[in-house]
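Below is one structure, written out as structure tokens; the observations come after it.
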Amino acid sequence: MSVPRIRKNDIVAAVTGTSKGKTGKVLQVVKSGKRAIVEGLNPVKKTMRKSQDNPHGGIVQKDAAIDVSNLMLFCPSCKKGVRIGRDKDGDRRIRRCRACRHSFDG
Ligand SMILES: [Zn+2]
Numbered sequence: 001m002s003v004p005r006i007r008k009n010d011i012v013a014a015v016t017g018t019s020k021g022k023t024g025k026v027l028q029v030v031k032s033g034k035r036a037i038v039e040g041l042n043p044v045k046k047t048m049r050k051s052q053d054n055p056h057g058g059i060v061q062k063d064a065a066i067d068v069s070n071l072m073l074f075c076p077s078c079k080k081g082v083r084i085g086r087d088k089d090g091d092r093r094i095r096r097c098r099a100c101r102h103s104f105d106g
């Protein structure tokens, strides 16, 4: 099975873990595509020490990176995380929803 390729600004759905069923936008792909930071998914609270940047210390909420194997691209037509297939549009490689053929790449 190939690794689902997820890109920045994709809308994805979490398929496992505490954020299961939630969707969010990919803010950043890290570790050469193995993990992604997704807005609103996998939030962690971090206790900050007092520092110059954060003079009062306290708790900040951050989105932690999620393994991309726990994410699926969210299809707006199917309204759920879906498996994708690869397709060619001229010279471009595009990703399509396997269920409804929605193209994720324009
Ligand atoms: Zn679909």
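Quick note, the sequence shown lines up with residues 1 to 106 if you use this note's numbering. Backbone N, C-alpha and C define an ideal beta-carbon position, used for all residues, glycine too.
Exclusion of the five residues before and after I66 leaves A14, G17, S19, R35, A36, I37, V38, L41, N42 as the residues of its chain whose Cβ lies within less than 8 Å of its Cβ. Between the alpha carbons of K88 and H56 lies a distance of about 53 Å. The closest heavy atom of ligand 1 lies 6 Å or more from the beta carbon of V26. Sequence-distant Cβ neighbours of V29 in its own chain, meaning closer than 7 Å and more than five residues away, are I6, R7, K8, A36. Bridge partners of Q28 according to DSSP: I37. In this structure, K45 lies near I59, with their beta-carbon atoms less than 7 Å apart.
Residues whose Cβ lies closer than 7 Å to any heavy atom of ligand 1, listed in chain order: C75, S77, C78, V82, C97, A99, C100, H102.
Annotation: I11 to P76 spans about 9 Å, alpha carbon to alpha carbon. In this structure, DSSP gives V15 a state outside helix and strand, which the three-state scheme calls coil.
Beyond the five residues adjoining it in sequence on each side, C100 comes within less than 7 Å, by CB distance, of C75, S77, C78 in the same chain, given in chain order. In this structure, the beta-carbon distance from D105 to R95 falls below 7 Å.
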